[in-house]
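In the working numbering, the protein residues as written are 431 to 517. Every residue gets a Cβ at the ideal spot worked out from N, C-alpha and C, and that includes glycine. Beneath this line is the structure, given in structure tokens, with notes to follow.
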């Protein structure tokens, strides 16, 4: 399942997001998945072009989170030590 930037901003504002999960991918980029308070599914953040939203660095991702969502809900960070762990 997926979620758009707009829907995520509304969900954060309404305090409907339980957790942000930031995951490092095999190519070293970072993605956000979301756990909502009222849904058991994990949702991937997508772009308007229906691709998974990725950031090249945590600095840029953190700046985006603060700019787009203000104070975020709790964040879980999953870093991959090797490509094998990221798959």
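Residues that DSSP places opposite residue i in a beta bridge
i, result
"residue 434", "476"
"residue 447", "466"
"residue 581", "This structure cannot settle anything about residue 581, because the visible part of the chain is limited to 431 through 517."
Contact check, residue i vs residue j, beta carbons under 8 Å
i, j, result
"residue 450", "residue 462", "yes"
"residue 499", "residue 456", "no"
"residue 484", "residue 459", "yes"
"residue 452", "residue 507", "yes"
"residue 447", "residue 466", "yes"
"residue 454", "residue 491", "no"
Contact belief for residue i with residue j at Cβ below 8 Å, rounded distance in angstroms
i, j, result
"residue 431", "residue 473", "5 Å"
Exercise. What residue ranges within the segment 470-507 form continuous beta strand (DSSP E) runs of no fewer than 3 residues, ordered along the chain?
Worked result: 472-476
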